[in-house]
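**Q**
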Amino acid sequence: MKRTCLSIRCFDTKPTLLPSPVPAITDIINTTKFELYHCQQSYRHHQSLSFGYSHHKTIADLLHAYVIKNGSLQSLGICNYLLNLYVRKSQNLYHAHKLFDEILARDIRTWTILISGFAHYENYKMVLHLFRKMQREGVYPNQFTLSSVLKCCSTLCELRNGKAIHGWILTNEIGLDVVLENSILDLYVKCGALDYAQRLFKSMEWKDTVSWNIMISAYLHMGHVQRALDLFLSLNFKDVTSWNTIMDGLMKNGFERTALELLYKMLEIGPMFNAFTFSIALNLVSCLSLLELGKQIHGQVLRLVLHNNGFIRNSLLGMYCKCGKMEEASMTLRTIPLKISCDDSLAEIVSWSSMVSGYVRNGKYESALQTFRFMVNEQVVVDKFTLTSIVSACANKGILELGRQVHAHIQKIGHKLDSHLCSSLIDMYAKCGSLNDAQRIFKQNIDMNVVLWTSMISAFAFHGQGQEAVQLFECMMNERIKPNEITFIGVLIACNHAGLLEEGCKYFELMQKVYGIKPGFEHYTCMVDLYGRSGRLNEAKEFIHENGISHLSAVWKSFLSCCRLHKNVEMGKWVSERLLKLEQSDAGSYILLSNMYSTDHRWEEAANVRSLMRQRRVNKLPGLSWIQLKNQVHNFFF
DNA sequence: CTAGGGTTAG
504 MKRTCLSIRC FDTKPTLLPS PVPAITDIIN TTKFELYHCQ QSYRHHQSLS
554 FGYSHHKTIA DLLHAYVIKN GSLQSLGICN YLLNLYVRKS QNLYHAHKLF
604 DEILARDIRT WTILISGFAH YENYKMVLHL FRKMQREGVY PNQFTLSSVL
654 KCCSTLCELR NGKAIHGWIL TNEIGLDVVL ENSILDLYVK CGALDYAQRL
704 FKSMEWKDTV SWNIMISAYL HMGHVQRALD LFLSLNFKDV TSWNTIMDGL
754 MKNGFERTAL ELLYKMLEIG PMFNAFTFSI ALNLVSCLSL LELGKQIHGQ
804 VLRLVLHNNG FIRNSLLGMY CKCGKMEEAS MTLRTIPLKI SCDDSLAEIV
854 SWSSMVSGYV RNGKYESALQ TFRFMVNEQV VVDKFTLTSI VSACANKGIL
904 ELGRQVHAHI QKIGHKLDSH LCSSLIDMYA KCGSLNDAQR IFKQNIDMNV
954 VLWTSMISAF AFHGQGQEAV QLFECMMNER IKPNEITFIG VLIACNHAGL
1004 LEEGCKYFEL MQKVYGIKPG FEHYTCMVDL YGRSGRLNEA KEFIHENGIS
1054 HLSAVWKSFL SCCRLHKNVE MGKWVSERLL KLEQSDAGSY ILLSNMYSTD
1104 HRWEEAANVR SLMRQRRVNK LPGLSWIQLK NQVHNFFF
């Protein structure tokens, strides 16, 4: 039975592979003899080799063997055909490269097939290597090779190489068509050379819609939103890409509402949506948390049978994750189509890592870890994206062992720790109590960014080592790394722990005056805490009024615990009245007040607060803690 | 030319 299936498959697929331009090969393949030979061979191949060995590959290999046997390697036409077969059908670039070396008389087509093949599989180093070799051998590149090489330079941000090629084209007077000029334009944009792009754009005789679209995306990449919008609006003819580009760019620059307006406008007067539009629309929906609109788009996606598109599926998944609908997200994940091609496998990896990060984002660490275990069992590729989320889950669950295992695993497979993974690991070791390990990772990392420094500063703050945290913060500013709002939260907490009132005030001012960061309620709470803990209750009160933050209950809670710390019961009473007005049903406020009375041995008043809680039916959730001993988690209630 | 996944916040 197996044999029949295989033969049918081979015969079925054969016609698509008929190499019509090369008569010699066509003759061979058309003979029954070859067909039989091929089927027998492929049957043997299927038995001896692991599954996944495609019939295309078999055909290319057999043809290769046949060609060598018959001495047809001299025929360039056959060689190029065979090379193309390796590149396009069997996707075996290794064999293609080997064959390429065997071909003695290579023409420009031979080079083009191989170079565009490597470009297609994003092996850009090889593309550049082959291009240089080609130039050394004195072969003149054509438009196809040039556009492959230019795409490669733009992906690698190789501005120097790109400029050299542009110069070479100009001096050798190669015919520049719009397509090639657009590639160069895009190269300059991707490398961030806006001035070069503008100069080229002005000098271009013919500009098509693609050229204009590239300029729109150029302005958006540089953050010149208004210029991009003006350019977009001034276009007489806007294609789908123009609309897609402007909406995506507006969203990424923080103008989500404008992007949404344009989406509605596009529906009314613009061109038909394509797959890109749906993906962008779904991302827009997640940014704005418009779940209902998202569901409508989901319906439309199903109606148009676009749900098998990897990008769209992942945008859907991301939308549900960001809206907190994990059930729906997991449903989307479960509908991965069976057909898995080269592009789909990446999409699948992205789907899984989105799912894991979604669980972590929504605080469902246990589900994240479960998904991870499932992935390992089912041999789904776990890459650095998934690992980063998993380490973060370990950090928040305090599971040092798994965290260490993941760290060891990363070292074993030789992954370089990038900054995201490092920050996650630092955070994990710090939260699991191993400050030394956190420090070791921080020191071994070479490319430093804000998040990395912030993680380490917070790690010190977390361990009560305020002085070290502040020192590190000073180092960071010396290195001219710009702190963000989260960095300042860490620094202010550190000042709190070390009782550094003056420094805290200094940094709070620095944040606003030098770095232009508007304080959020976390910063205000830290400051109130800082004043309060130092015993300056009146200054804390003044601070609250000066900054107009008396409506924030977190601020008053922090203030109240300071009153308890300094046994200022009268002030505490006054504060708790305000607090209870703000939040009638929050157990925490009652508990704080009652605790303050008990600290001062005013048992009766403490009991009154408790009975007030009962009257108002406010329940305190019991505290829960746990410890992991020998693979078993033990829970404690308070 | 345009679309998808990760880190820091007692």
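So the first sequence is residues 504 to 1141, counted in our numbering.
We put the CB at the ideal spot given by N, CA and C, even for glycine.
(1) Determine the extent of the alpha helix (DSSP H) in which SER1053 is found, giving its start and end residues.
(2) Looking only at C-alpha atoms, which of VAL728, HIS810, ALA933 sits nearest to ASN777?
(3) Quick check: the Cα distance between VAL1121 and SER1092, rounded to an integer number of angstroms?
(4) From GLU881 to GLY802, what distance separates their C-alpha atoms?
(5) Round the Cβ separation of MET750 and ALA762 to the nearest angstrom and send it over; I've been treating them as touching at under 8 Å.
(6) I'd like to check one pair, ILE672 with LEU649: are the Cβ atoms closer than 8 Å?
(7) Taking 8 Å as the threshold (C-beta atoms), are ALA1090 and CYS1065 in contact?
(8) Buried or exposed for ASN664, please, with buried defined as at least 16 other CB atoms from any protein chain shown within 10 angstroms of its CB.
(9) Could you check where the alpha helix (DSSP H) with GLY695 kicks off and where it finishes?
(10) Spatial neighbours of SER892 within its chain, please: C-beta separation below 6 Å, excluding the five flanking residues on both sides.
(11) Looking at C-alpha atoms only, which residue of ASP711, THR658, THR674, TRP709 is the closest neighbour of TYR691?
(12) Tell me where the alpha helix (DSSP H) around THR615 begins and ends.
(13) Hey, which unbroken runs of the alpha helix (DSSP H) at 4 residues or more fall wholly within the stretch 986-1016?
(14) In the structure shown, what three-state DSSP assignment does VAL1112 receive?
(15) How is ALA527 classed by DSSP in three states: helix, strand or coil?
(16) SER927 and VAL894 look like a contact to me (Cβ under 8 Å); what is the Cβ gap, rounded to whole Å?
(17) Do ILE992 and VAL953 come within 8 Å of each other at the CB atom, strictly closer than that value?
(18) If I measure Cβ to Cβ from THR780 and keep anything under 6 Å in the same chain, skipping five residues before and after, which residues do I get?
(19) Measure the Cβ-Cβ separation of VAL1112 and SER1097 and say whether it is below 8 Å.
(20) CB-CB under 7 Å to ALA700, same chain, minus the five flanking residues each way: which ones, in chain order?
(21) Which residue comes first and which comes last in the alpha helix (DSSP H) that contains ALA972?
(22) Under 8 Å, with one C-beta from each stretch per pair, do the stretch 819-830 and the stretch 779-797 reach the 3-pair mark?
(23) Taking the Cβ atom as the reference point for each residue, do ILE717 and ASN685 lie within a distance shorter than 8 Å?
(24) In angstroms, rounded to a whole number, what distance separates the CA positions of VAL1031 and GLN1015?
(25) Which residues in the same chain have their Cβ closer than 7 Å to the Cβ of PHE740, if we skip the five residues on either side of it in sequence?
(26) DSSP three-state label for HIS1104, please.
(27) On the CB-based measure, 16 or more other CB atoms within 10 Å of its CB, does PHE963 come out buried or exposed?
(28) Where in the stretch 798-837 do unbroken runs of the beta strand (DSSP E), each at least 3 residues long, occur, reported from the N-terminal end onward?
(29) What would DSSP say about ASN587, mapped onto helix, strand or coil?
(30) Using only the alpha-carbon positions, how far apart do VAL879 and TRP855 sit?
(31) I'd like the list of long-range same chain contacts for LEU1040, defined as Cβ closer than 7 Å, with 5 residues on each side in sequence excluded.
(32) Whole-angstrom Cβ separation of GLY1002 and SER961, contact assumed at under 8 Å?
(33) Over the uninterrupted alpha helix (DSSP H) stretch that includes SER593, give me the two end residues.
(34) CB PHE603 to CB LEU586, shorter than 8 Å?
(35) When you compare only the Cα positions, how much space is there between SER1088 and PHE1011?
**A** According to the structure shown:
(1) It is not in any alpha helix (DSSP H) - SER1053 carries neither H nor E in the DSSP assignment.
(2) Of the candidates VAL728, HIS810, ALA933, the one whose C-alpha sits nearest the C-alpha of ASN777 is HIS810.
(3) Computed Cα separation, rounded: 11 Å.
(4) If I take the Cα positions, the gap works out to 30 Å.
(5) Rounded, the Cβ-Cβ distance is 5 Å, consistent with contact.
(6) Contact flag set, yes.
(7) In this structure, CYS1065 lies away from ALA1090, with their beta-carbon atoms at least 8 Å apart.
(8) Residue environment for ASN664: buried (at least 16 other C-beta atoms within 10 angstroms of its C-beta).
(9) Where GLY695 is concerned, there is no enclosing alpha helix (DSSP H), given that its DSSP letter is neither H nor E.
(10) If you ignore the 5 residues before and after SER892, its C-beta comes within less than 6 Å of the C-beta of VAL859, SER860, VAL863, all in its own chain and listed in chain order.
(11) Comparing Cα positions, the closest option is THR658.
(12) Boundaries of the alpha helix (DSSP H) around THR615: 611-623.
(13) Taken in chain order, the unbroken stretches of alpha helix (DSSP H) that lie wholly in the stretch 986-1016 and span 4 residues or more are 988-1001, 1004-1016.
(14) VAL1112 falls in the helix class under three-state DSSP.
(15) With a pLDDT of only 49 at ALA527, under 50, the local geometry of the prediction cannot be trusted, and no value is derived from it.
(16) Indeed, because the Cβ distance is near 4 Å, the residues count as touching under 8 Å.
(17) Taking 8 Å as the cut-off, the Cβ atoms of VAL953 and ILE992 do not count as close.
(18) Closer than 6 Å at Cβ, skipping near neighbours: ASN747.
(19) For VAL1112 and SER1097, yes; Cβs fall inside 8 Å.
(20) Hits under 7 Å: LEU688, TYR691, VAL692, ALA721.
(21) Segment 969-981, the alpha helix (DSSP H) holding ALA972.
(22) Judged by pairs of C-beta atoms under 8 Å, the stretch 819-830 touches the stretch 779-797, as three or more such pairs exist.
(23) Taking 8 Å as the Cβ cut-off, ILE717 and ASN685 qualify as a contacting pair.
(24) Straight-line Cα distance between these residues: approximately 17 Å.
(25) THR712.
(26) HIS1104 carries a coil assignment under DSSP once its states are collapsed to helix, strand and coil.
(27) Only buried fits PHE963, as 16 or more other CB atoms lie within 10 angstroms of its CB.
(28) Listed in chain order, nothing qualifies, since the stretch 798-837 has no complete beta strand (DSSP E) run of 3 or more residues.
(29) When DSSP states are grouped into helix, strand and coil, ASN587 belongs to the helix group.
(30) Going by C-alpha positions, VAL879 is about 11 Å away from TRP855.
(31) Closer than 7 Å at Cβ, skipping near neighbours: CYS1065, CYS1066, HIS1069, ASN1071, MET1074.
(32) That belief does not hold up - the Cβ atoms of GLY1002 and SER961 are roughly 18 Å apart, past 8 Å.
(33) Careful: SER593 lies outside any alpha helix (DSSP H) and carries neither H nor E.
(34) Their beta carbons are under 8 Å apart, which means PHE603 touches LEU586 by this criterion.
(35) In this structure, the alpha-carbon of SER1088 lies about 32 Å from that of PHE1011.
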